[in-house]
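Undergrad:
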Amino acid sequence: HRQQLHIKEKFSSDPERGQLQKAFFSHPNFNQLAVGSPTTKWLSDAVASCSILEKTGYLEKIEIPVLIALGEEDQLISNSAIRKASSVIPKGALLEIQGSNHEILMETDNIRTQFLDRFFTFLGNNVFNRPDKGKTFIQ
């Protein structure tokens, strides 16, 4: 499964970072790492998680600010499902990054900068600059 380059190329459009990722996954000291099909445990957990998220009203009950970033070129997830989910979270914010694949932080500097600028602005607005510093307590 390490040789499934068609899958690896879906992670990033940046050639240098793509090569870095390829070198990392093929290095003998990291042979336990791989990109390929999900394990049955991962698949089971993903199905269970999706079942919870799809329950009527579940996402609408999320009260904390949530930033969801999505790469518009991502072929590994459902962008339409992400858009739908983010639209019903009351304090949800969606950042769609044109030209980005799945691994936003392994993308070109321009794409990474878009994400990091929005991420740190989001943290500033919703955590650091609030009187309670973003501390939310469950009652």
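Convert by adding 34 to the 1-based position in the sequence shown; the result is the number in the numbering used here. A virtual CB, placed ideally from N, CA and C, is assigned to each residue, including glycine. Computed from a predicted structure; not experimentally measured.
#1: ALA82: buried (16+ other C-beta within 10 angstroms of its C-beta) or exposed?
#2: How many angstroms separate the CA atom of GLU137 from the CA atom of PRO72?
#3: Less than 8 Å between the CB atoms is what I'm expecting for PHE149 and ALA127, so what's the real figure, rounded?
#4: What is the C-beta distance between SER60 and GLU141, in whole angstroms, given that I count them as a contact (C-beta under 8 Å)?
#5: In angstroms, rounded to a whole number, what distance separates the CA positions of ALA119 and GLU97?
TA: With the structure as the only source:
#1: exposed
#2: 17 Å
#3: Not confirmed; about 12 Å, so no contact.
#4: No, SER60 and GLU141 are not in contact; Cβ-Cβ is about 21 Å, not under 8 Å.
#5: 14 Å
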